[in-house]
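Q:
Numbering (my numbering), first residue to last: 78 to 457.
#1: Ignoring anything shorter than 3 residues or poking outside the segment 342-423, list the beta strand (DSSP E) runs there in chain order.
#2: So, using beta-carbon positions, are residue 215 and residue 110 closer together than 9 Å?
#3: Give me the residue from 348, 145 and 328 with the minimum Cα distance to residue 165.
#4: Pull up the distance between the alpha-carbon of residue 277 and that of residue 392, whole angstroms please.
#5: Find out if the Cβ-Cβ distance for the pair residue 536, residue 385 is shorter than 9 Å.
#6: Look at the alpha carbon of residue 283 and the alpha carbon of residue 352, and state the distance between them as a whole number of angstroms.
#7: Between which residues of its own chain and residue 446 is the CB-CB distance below 6 Å, once the five residues before and five after are set aside?
#8: Are the Cβ atoms of residue 218 and residue 209 separated by less than 9 Å?
#9: On the DSSP letters alone, give me the boundaries of the alpha helix (DSSP H) that residue 288 sits inside.
#10: Find the nearest neighbour of residue 330 within the set 308, 382 and 357, judged by alpha-carbon distance.
#11: Can you tell me which of 145, 183 and 350 puts its alpha carbon nearest to the alpha carbon of residue 71?
#12: Report, in whole angstroms, the separation of the C-beta atoms of residue 323 and residue 90, which I expect to be a contact under 8 Å.
#13: Given this structure, state the Cα-to-Cα distance separating residue 177 from residue 424, to the nearest angstrom.
#14: Distance, Cα to Cα, residue 181 vs residue 187?
#15: Is there contact between the segment 284-302 and the segment 367-376, where contact requires at least three CB pairs shorter than 8 Å?
#16: Spatial neighbours of residue 341 within its chain, please: CB distance less than 7 Å, with the 5 preceding and 5 following residues excluded, ordered by chain position.
#17: How many angstroms separate the CA atom of residue 312 from the CA atom of residue 408?
#18: For the candidate residues 119, 179 and 96, whose alpha-carbon lies nearest to that of residue 157?
#19: Out of 450, 449, 369 and 403, which has the shortest C-alpha to C-alpha gap to residue 246?
#20: Does DSSP classify residue 209 as helix, strand or coil?
#21: What is the DSSP secondary structure of residue 158, reduced to helix, strand or coil?
#22: Can you say whether residue 380 is buried or exposed, counting buried as having 16 or more other CB atoms within 10 angstroms of its CB?
#23: Let's test the definition: count the other Cβ atoms within 10 Å of the Cβ of residue 251 and tell me whether it reaches 16, buried, or not, exposed.
#24: Keeping to the same chain, check which residues put their C-beta closer than 6 Å to that of residue 325; ignore five residues upstream and five downstream.
#25: When you compare only the Cα positions, how much space is there between residue 125 and residue 256?
#26: From the DSSP secondary-structure annotation, give me the bridge partner or partners of residue 191.
#27: Within a Cβ cutoff of 7 Å, which residues of the same chain sit near residue 184, ignoring the five residues on either side of it in sequence?
#28: Would you tell me roughly how many angstroms separate the C-alpha atoms of residue 262 and residue 212, rounded to the nearest one?
#29: Restricting to Cα atoms, I'd like to know which of 194, 265, 433 and 197 is closest to residue 448.
#30: Bridge partners of residue 88, per DSSP?
#31: Drop a sphere of 10 angstroms on the beta-carbon of residue 406, count the other beta-carbons inside from all chains shown, and report buried for 16 or more, exposed for fewer.
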């Protein structure tokens, strides 16, 4: 089986998709494919190969795409995130023709082709291979407009054997292009069923809340205001913040920004010492969320994991997260600005204590688990 996704870069949500999917499949004869090759052994225990190369040279029983806003991401957009800073700057400045040539060289696909939805009809050995799209988001295709890349993605989605989408907007979009899809919670909701032990804290554990933000929000808001808001949350809860990097790839989260917020905290609240989260292992990062008292962040999978373990959750401004929360998790704050972060945190803490909301979290986990187990049983 060939698993395809954004496994070539450090973004813990995408890497969790690989880990959980391979777990459901019993870690049998699997290969990890992505837009480019990368050695991800340290994070997910395997090397990742360029999926176009794998599809050109080997016949696969099943090609399985899982997770992420895969619909509107083309090769150029994926490479802009996946290359390191030096290579990325060269790529950014290469011009349209240059970027297309680099994309062809690195991935075997033009810059406008879909990055994570293989077009199997282009590969004679796999033109009849079943394509499964599980737990995907397609909302970004609504804003991309029509282009050769969008046309190719739509064609691939129409050719898929099964399409499981994770939010109502994606469900509506598939209907608009004549595709019957199944609406199901993101498969990462099932993490508390597969790994209940992640929520077990060791002795001497001090209570903390997670803070995570992408670089754009921090740039837009400023470290001063964010530091003051986090100090306020710490004051009203009695918990210290723990800074969480959802991803270290380009255009994701930035450690230097967190360090700037820490300097603000040292000045305005000298006794408040943030916890350090240094691991990049996706399962260890999930454990930090599961053991926290509260999630505050812009990451979708941070919110989903906190929901899976029935933790209070507050989401910063993020259209993808708001769309998802509207479908499955509407009773916890979304699109929160820092001026009302304290009030939102208290609201989330109160909501998380409701037996009905605890049951809702358990139900989402059960639904996500049943969906993926059903797919595995059908296609393996």
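The beta-carbon is built from N, C-alpha and C at its ideal position, and this holds for glycine as well. For clarity, every value in this text was computed on a predicted model and none was experimentally measured.
A: Per the coordinate set shown:
#1: 371-374 and 390-392
#2: Against a cut-off of 9 Å, the Cβ pair of residue 110 and residue 215 comes out as no contact.
#3: 328
#4: Answer to the nearest angstrom: the Cα atoms are 24 Å apart.
#5: Any property of residue 536 remains undetermined from this structure, which presents the chain solely from 78 to 457.
#6: Each residue's alpha carbon lies about 9 Å from the other.
#7: 267 and 270
#8: no
#9: For residue 288, no alpha helix (DSSP H) segment is defined; the enclosing uninterrupted segment is the beta strand (DSSP E) at 285-288.
#10: Sorting 308, 382 and 357 by C-alpha distance to the C-alpha of residue 330 places 357 at the top.
#11: The requested residue 71 does not occur in the structure, where the chain is confined to residues 78 to 457.
#12: 7 Å
#13: 48 Å
#14: 5 Å
#15: Output reads yes: the segment 367-376 touches the segment 284-302.
#16: Taken in chain order, the residues that qualify are 300, 301 and 304.
#17: 24 Å
#18: 179
#19: The shortest C-alpha separation from residue 246 is found at 403.
#20: In this structure, residue 209 counts as strand in the three-state DSSP scheme.
#21: helix
#22: buried
#23: buried
#24: Counting only Cβ-Cβ distances below 6 Å, and skipping sequence neighbours, we find 87.
#25: Taking the Cα positions, residue 125 is about 30 Å away from residue 256.
#26: 151
#27: 112, 113, 127, 129 and 152
#28: 7 Å
#29: 265
#30: 324
#31: buried
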